[in-house]
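So the structure is just underneath, and the comments pick up after that.
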Amino acid sequence: DSPENSEIKLSIQVTPFGSLQKLVIGRDVTRLARLEQMRRHFVANVSHELRTPLTVLGGFVETLGHMDQIRMEDLKKYLATMQEQAVRMQRLVDDLLMLSKLETAAPRTHDETVDVTALLAGLKEQAELLSGEQHHVITVETDKSLRLLGSREELLSAFSNLVNNAVRYTPAGGRIALAWKAAPDGSACFSVSDTGEGIALEHVPHLTERFYRVDTARSRASGGTGLGLSIVKHVLLRHDARLDIESEPGVGSTFTCVFPTARARRVDHPVSGIA
Ligand code: ADP
166 DSPENSEIKL SIQVTPFGSL QKLVIGRDVT RLARLEQMRR HFVANVSHEL
216 RTPLTVLGGF VETLGHMDQI RMEDLKKYLA TMQEQAVRMQ RLVDDLLMLS
266 KLETAAPRTH DETVDVTALL AGLKEQAELL SGEQHHVITV ETDKSLRLLG
316 SREELLSAFS NLVNNAVRYT PAGGRIALAW KAAPDGSACF SVSDTGEGIA
366 LEHVPHLTER FYRVDTARSR ASGGTGLGLS IVKHVLLRHD ARLDIESEPG
416 VGSTFTCVFP TARARRVDHP VSGIA
């Protein structure tokens with residue numbers, strides 16, 4: 166059934182005397198209209214996101230085309246800016262493809278046993294690379310024998326978005342703690358805590374909406390597409406998990422992915438490589 170068909174509603178009007186007067190086949194117009202409006206907003210957002218890098222690229226190509234000679238040093242500066250814009254568009258397109266894949270994919274039927282401790286080693290490295298000269302202090306706490314049933318690729322994408330955000334929204338020298346452990350009720354939790362800028366309460370319910378940002382300029386400047394938490398949401402939905410967000414402006418944030426007991430597994434002889 167297409168989503169549109171499922172919106173068709175049958176309404177029967179009955180006269181005051183109880184005899185059937187007419188049969189009306191209508192649609193749930195409000196919901197369809199809302200979907201259509203969301204689609205239009207989405208297209209407008211994507212176009213807007215692509216316009217800036219395209220304008221910059223076009224401008225530089227035109228300027229270079231009019232030049233007869235240029236110093237190597239200046240040329241390199243131009244090229245670096247152009248590359249930055251190309252990377253930005255690439256990131257946006259990659260995230261859009263990932264989102265569309267998640268939204269259109271059939272419900273998961275086949276699960277892998279994912280060694281989250283092994284993923285954490287790579288995630289820590291990725292965070293250190295992104296942090297670079299900012300020297301964040303990144304720690305890992307993990308339960309080596311705890312495994313997760315799901316898609317390794319999807320989970321890695323969700324976790325990596327949370328880790329990148331922690332680095333991007335935490336000032337230099339701040340602390341970032343990655344953790345993978347079981348909760349007392351048996352659920353399995355992957356969490357990322359930071360001592361970053363935090364998020365005001367009124368923004369929290371909207372964070373997983375596509376292109377929702379607390380501070381657009383700040384998000385863009387740090388390489389954000391505005392789609393990261395939307396990807397996280399879809400991956401978690403496909404793993405029957407929920408996202409807990411605790412945050413306080415000026416203090417920091419903790420994002421926790423909580424997976425149900427049914428998705429947690431214990432292995433007797435853990436072999437993953439990090440402490
Ligand atoms: P973006 O690419 O803008 O980071 P996301 O969907 O990943 O997009 O996040 C949405 C918004 O949530 C961000 O723009 C930012 O305002 C806020 N945010 C996400 N993670 C954090 C964090 N760890 N600390 C503070 N703010 C955050």
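Residue numbers (the UniProt record's numbering): 166 to 440. We put the CB at the ideal spot given by N, CA and C, even for glycine.
Return yes when the Cβ of residue j is within less than 8 Å of the Cβ of residue i, no when it is not.
i: serine 412; j: isoleucine 341; result: no
i: leucine 321; j: arginine 428; result: no
i: isoleucine 410; j: leucine 267; result: no
i: leucine 295; j: asparagine 329; result: yes
i: leucine 288; j: phenylalanine 324; result: yes
i: glycine 315; j: aspartate 276; result: yes
i: asparagine 326; j: glycine 391; result: no
i: glycine 388; j: arginine 333; result: yes
i: glycine 361; j: glycine 297; result: no
i: threonine 278; j: cysteine 354; result: no
i: threonine 304; j: serine 352; result: no
i: arginine 273; j: proline 218; result: no
i: lysine 398; j: threonine 373; result: yes
i: glycine 339; j: histidine 371; result: no
i: leucine 257; j: glutamate 214; result: yes
i: threonine 282; j: lysine 309; result: yes
Alpha carbon to alpha carbon, what distance is there between residue j and residue i?
i: aspartate 239; j: alanine 344; result: 45 Å
i: aspartate 166; j: aspartate 359; result: Residue placement at aspartate 166 cannot be trusted, given a pLDDT of 34 that sits under 50; the coordinates are not used to answer.
i: alanine 286; j: phenylalanine 424; result: 20 Å
i: residue 442; j: arginine 204; result: The chain is shown from 166 up to 440; residue 442 falls before or after that span and cannot be answered.
i: histidine 434; j: methionine 237; result: 58 Å
i: residue 129; j: serine 356; result: The structure shown does not extend to residue 129, since the chain is modelled only from 166 to 440, so the question has no answer here.
i: leucine 188; j: threonine 195; result: With a pLDDT of only 47 at leucine 188, under 50, the local geometry of the prediction cannot be trusted, and the value read off the model is given with reservation. Taking the straight line joining both Cα atoms gives about 20 Å.
i: histidine 231; j: glycine 224; result: 11 Å
i: histidine 206; j: leucine 197; result: 14 Å
i: arginine 216; j: glutamine 248; result: 15 Å
i: valine 379; j: arginine 385; result: 11 Å
i: arginine 431; j: alanine 406; result: 18 Å
i: aspartate 280; j: histidine 404; result: 15 Å
i: glutamate 227; j: phenylalanine 376; result: 30 Å
i: isoleucine 235; j: alanine 245; result: 15 Å
i: leucine 264; j: aspartate 233; result: 44 Å
i: glutamate 201; j: aspartate 259; result: 24 Å
i: glutamine 250; j: alanine 292; result: 22 Å
i: alanine 382; j: threonine 335; result: 15 Å
The beta strand (DSSP E) that contains residue i, what's its start and end?
i: aspartate 359; result: 353-359
Using 8 Å for Cβ pairs, my map puts residue i next to residue j. What's the rounded Cβ distance?
i: valine 211; j: leucine 261; result: 7 Å
i: glutamine 299; j: alanine 331; result: About 12 Å separates the two Cβ atoms, so there is no contact after all.
i: lysine 346; j: glutamate 290; result: Lysine 346 to glutamate 290, Cβ: 21 Å. No contact.
According to DSSP, which residues form a beta bridge with residue i?
i: glutamate 411; result: Thr419
i: glycine 315; result: Glu277
i: glutamate 306; result: Ala344
i: arginine 431; result: Leu311
i: phenylalanine 424; result: Ala353
If I follow the unbroken alpha helix (DSSP H) through residue i, where does it start and stop?
i: glutamate 290; result: 281-296
i: phenylalanine 207; result: 194-231
i: leucine 262; result: 237-269
i: valine 397; result: 393-402
i: arginine 375; result: From DSSP, arginine 375 is part of no alpha helix (DSSP H); its letter is neither H nor E.
Taking 8 Å as the CB-CB cut-off, is residue i touching chain D?
i: methionine 263; result: Among the chains of the structure shown, chain D does not appear; only one protein chain is present.
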